[in-house]
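> Per our numbering: the sequence shown = residues 697 to 1055.
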Amino acid sequence: MTRASTEQRARVEVLRNEADGRPALHESTVRSLHAEVKELPAVWLYDERGSRLYDEITRLPEYYLPRREGEILRARAAAIARRTQARTLIELGAGTAKNIRLLLDGLDTAGALERFVPLDVSEQTLRASAETIAAAYPRVSVEAIVGDFERDLGALPANGRRLIAFLGSTIGNLYPEQRNGFLRTLAAVLARDDAFLVGIDLVKDVARLESAYNDSRGVTELFVRNALTAVNRELGATFDQERFVYEARWDPEHEWMDIGLRARKAHAVSIQHLELDVAFEECEPLRVEISSKFRRERFELEAAKARLQVESWWTDAAGDFAIALVLRDTSAGTKVNSKREETACLQAARSAATSTRSR
Ligand code: AVJ
697 MTRASTEQRA RVEVLRNEAD GRPALHESTV RSLHAEVKEL PAVWLYDERG
747 SRLYDEITRL PEYYLPRREG EILRARAAAI ARRTQARTLI ELGAGTAKNI
797 RLLLDGLDTA GALERFVPLD VSEQTLRASA ETIAAAYPRV SVEAIVGDFE
847 RDLGALPANG RRLIAFLGST IGNLYPEQRN GFLRTLAAVL ARDDAFLVGI
897 DLVKDVARLE SAYNDSRGVT ELFVRNALTA VNRELGATFD QERFVYEARW
947 DPEHEWMDIG LRARKAHAVS IQHLELDVAF EECEPLRVEI SSKFRRERFE
997 LEAAKARLQV ESWWTDAAGD FAIALVLRDT SAGTKVNSKR EETACLQAAR
1047 SAATSTRSR
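Written as structure tokens, this is what we have:
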């Protein structure tokens, strides 16, 4: 394969570049720092160094997620190819994750796959992985998109059967309300023959969950602390690493890992480009991300609320992780609603009748 033909195949379309996104990111950073629990948007984790550190996390013995997901994909890729007959594979939040290749292998072997569309906010990471995929799958045309999976679902290429993959339990980074919005938007853009494939980390033993985010080599801590480094550099902030301790703990009420830092002592941080001074109390937390863990019933319910239907649910042998194949709900939706309306109006009629009778 010559270099020129490889480059021709990996096209990169920039829907939004870093400069476009900056006002929104600054705004959401200000908002997050004013929240009840102070927070830095998780986007700050994924600069070049952050992406490298995350890559390192995926190889940690404690961080079971990618290996469990890989186990499921290896076992199910052929079935997924058969059921979806996908001609286009779209990957949301593509990054550097390797598991998408198991899906590409399955779809490519089945023979229908024509196109791979990775979407990610980081142009640099995206270009590199698009080139690698283009070189490894010569029959597949790679059309990468620099964009945001919460805002750009409507801009995805739409001809032919599509499989939209959202792997790695990245969906767990969204707050419930955001997740609901995401699923609703997805339901709106999903055609009858399209499918959505989502990797989901499951609720499990607290000790195992906490050790996945408190690895013995401290790579996760470096990854999280890198958000402070990025904000110092990009926003002229004065976060001092020494003044914070790393903390990742299970929140049983919300069933998510609460990941971030905690101020050792009361102090203030100034963020020059936001014209903001942020005061921390002693022990006050600064959240950097949440990582929600799921139960099947809850996920199916959330999907149904967004008019999506979980067609298949596969787990690894240990039951640590799940992959759900999700379709647009073509059957229930309107029927359920009209039934509910009917019941409500019958109830109203009945109670009106009762009150008339008793008068
Ligand atoms: C990439 C969002 C799935 O939540 O497990 C890993 C990020 N943070 N270790 C996760 C992460 C700390 C990861 N996701």
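Ideal Cβ placement from N, Cα and C applies to all residues, glycine included.
Since the model is a prediction, treat every value here as computed from it, not as a measurement.
1) Straight-line CA distance for residue 759 to residue 984?
2) Does the beta-carbon distance from residue 989 to residue 879 come in below 8 Å?
3) Could you give the distance in angstroms between the alpha-carbon of residue 949 and the alpha-carbon of residue 810?
4) Threshold first: 4 residues or longer. Then list the alpha helix (DSSP H) segments lying entirely within the stretch 820–886, N to C.
5) For ligand 1, is there any heavy atom lying closer than 7 Å to the beta carbon of residue 825?
6) What whole-angstrom Cβ distance do residue 927 and residue 740 have, given they're in contact under 8 Å?
7) In three-state terms, what does DSSP make of residue 942?
8) Return yes when at least one heavy atom of ligand 1 lies under 7 Å from the C-beta of residue 987, else no.
9) Between residue 877 and residue 776, what straight-line distance do the alpha-carbon atoms span, to the nearest angstrom?
10) I'd like to confirm something about residue 869: is its beta-carbon nearer than 7 Å to some heavy atom of ligand 3, or not?
11) Give the DSSP-derived three-state secondary structure of residue 911 in the structure shown.
12) In whole angstroms, give me the CA-to-CA distance for residue 905 and residue 815.
13) Would you list the one or two residues that DSSP bridges to residue 786?
14) Decide if residue 1026 is buried, meaning its Cβ has at least 16 other Cβ atoms within 10 Å, or exposed.
15) With DSSP as the reference, identify every bridge partner of residue 981, one or two as the case may be.
16) What is the rounded straight-line gap between the Cα of residue 734 and the Cα of residue 999?
17) Report the partner residues of residue 895 according to the DSSP bridge assignment.
18) So, with DSSP's three-state summary, where would you put residue 919?
19) Please report the residue range of the beta strand (DSSP E) in which residue 711 lies.
20) DSSP beta-bridge partners for residue 1025?
21) So residue 995 is in the alpha helix (DSSP H); what residue range does that whole segment cover?
22) Do residue 728 and residue 737 have their C-beta atoms closer together than 8 Å?
23) Taking only three categories from DSSP, how would you classify residue 1033?
24) Taking Cβ positions, are residue 1024 and residue 886 nearer each other than 8 Å?
25) Identify the residues that DSSP records as bridge partners of residue 967: which are they?
26) Buried or exposed: residue 706, going by 16 or more other Cβ atoms within 10 Å of its Cβ?
27) I need the straight-line Cα distance from residue 795 to residue 863, nearest angstrom please.
28) If you count every other CB in all the chains shown that lies within 10 Å of the CB of residue 805, and 16 or more means buried, which is it?
29) With DSSP collapsed to three states, give me the class of residue 735.
30) Give the C-beta separation of residue 955 and residue 1006 to the nearest angstrom, bearing in mind that I take them to be a contact with Cβ-Cβ under 8 Å.
Working from what's here:
1) For this step, residue 759 is matched to residue 63 along the sequence shown. For this step, residue 984 is matched to residue 288 along the sequence shown. Distance between the alpha carbons of residue 759 and residue 984: 18 Å.
2) What you label residue 989 is simply residue 293 of the sequence shown in a count that begins at 1. What you label residue 879 is simply residue 183 of the sequence shown in a count that begins at 1. Going by C-beta atoms, residue 989 is not nearer than 8 Å to residue 879.
3) The sequence position of residue 949 within the sequence shown is 253, counting from 1. The sequence position of residue 810 within the sequence shown is 114, counting from 1. So the two alpha carbons sit approximately 44 Å from each other.
4) 872–885
5) Taking the first residue of the sequence shown as 1, we reach residue 825 at position 129. No, the Cβ of residue 825 stays beyond 7 Å of every heavy atom of ligand 1.
6) Residue mapping note: residue 927 aligns to position 231 of the sequence shown, counting from 1. Residue mapping note: residue 740 aligns to position 44 of the sequence shown, counting from 1. Rounded, the Cβ-Cβ distance is 6 Å, consistent with contact.
7) The residue you call residue 942 lines up with position 246 of the sequence shown. In this structure, residue 942 counts as strand in the three-state DSSP scheme.
8) Numbered from its first residue, the sequence shown carries residue 987 at position 291. Within the cutoff, so yes.
9) The residue given as residue 877 occupies position 181 in the sequence shown. The residue given as residue 776 occupies position 80 in the sequence shown. Each residue's alpha carbon lies about 26 Å from the other.
10) As far as ligands go, the structure on display features ligand 1 and does not contain ligand 3.
11) Here residue 911 is taken as the residue at index 215 of the sequence shown, counted from 1. Three-state result, residue 911: coil.
12) Within the sequence shown, residue 905 is the residue found at index 209, counting from 1. Within the sequence shown, residue 815 is the residue found at index 119, counting from 1. Distance between the alpha carbons of residue 905 and residue 815: 28 Å.
13) The residue you call residue 786 lines up with position 90 of the sequence shown. Residue 786 pairs with 813 and 860.
14) Working through the sequence shown from its first residue, we reach residue 1026 at position 330. Exposed is the call here.
15) Numbered from its first residue, the sequence shown carries residue 981 at position 285. Per DSSP, 958.
16) The residue given as residue 734 occupies position 38 in the sequence shown. The residue given as residue 999 occupies position 303 in the sequence shown. Distance between the alpha carbons of residue 734 and residue 999 is about 30 Å.
17) Along the sequence shown, one-based indexing puts residue 895 at 199. Per DSSP, 1019.
18) Residue numbering aside, residue 919 sits at position 223 when the sequence shown is read from its first letter. Looking at residue 919 - three-state DSSP - the assignment turns out to be helix.
19) In the sequence shown, the residue the question calls residue 711 occupies position 15. Segment: none, residue 711 is in no beta strand (DSSP E) and carries neither H nor E.
20) The sequence position of residue 1025 within the sequence shown is 329, counting from 1. According to DSSP, residue 1025 bridges with nothing at all.
21) Numbered from its first residue, the sequence shown carries residue 995 at position 299. Taken as a continuous stretch (DSSP letters only), the alpha helix (DSSP H) holding residue 995 covers 992–1001.
22) Stepping through the sequence shown from its first residue, residue 728 is reached at position 32. Stepping through the sequence shown from its first residue, residue 737 is reached at position 41. Yes.
23) For this step, residue 1033 is matched to residue 337 along the sequence shown. Interpretation of residue 1033 is limited by its pLDDT of 47, a score under 50 that renders its predicted location unreliable; no figure is taken from the coordinates.
24) Walking along the sequence shown from the start, residue 1024 turns up at place 328. Walking along the sequence shown from the start, residue 886 turns up at place 190. Yes. Within cutoff.
25) Along the sequence shown, one-based indexing puts residue 967 at 271. Residue 967 pairs with 933 and 972.
26) As a first step, residue 706 must be located in the sequence shown, where it is residue number 10. Looking at its Cβ environment, which holds 16 or more other Cβ atoms inside 10 Å, residue 706 is buried.
27) Locating residue 795 in the sequence shown gives position 99, where the first residue counts as 1. Locating residue 863 in the sequence shown gives position 167, where the first residue counts as 1. Between residue 795 and residue 863, the C-alpha separation is close to 8 Å.
28) In the sequence shown, the residue the question calls residue 805 occupies position 109. So residue 805 counts as exposed.
29) The sequence position of residue 735 within the sequence shown is 39, counting from 1. DSSP places residue 735 in strand when its eight states are reduced to three.
30) By 1-based counting over the sequence shown, the position of residue 955 is 259. By 1-based counting over the sequence shown, the position of residue 1006 is 310. Between residue 1006 and residue 955 the Cβ distance is about 27 Å, and since that is not below 8 Å, they are no contact.
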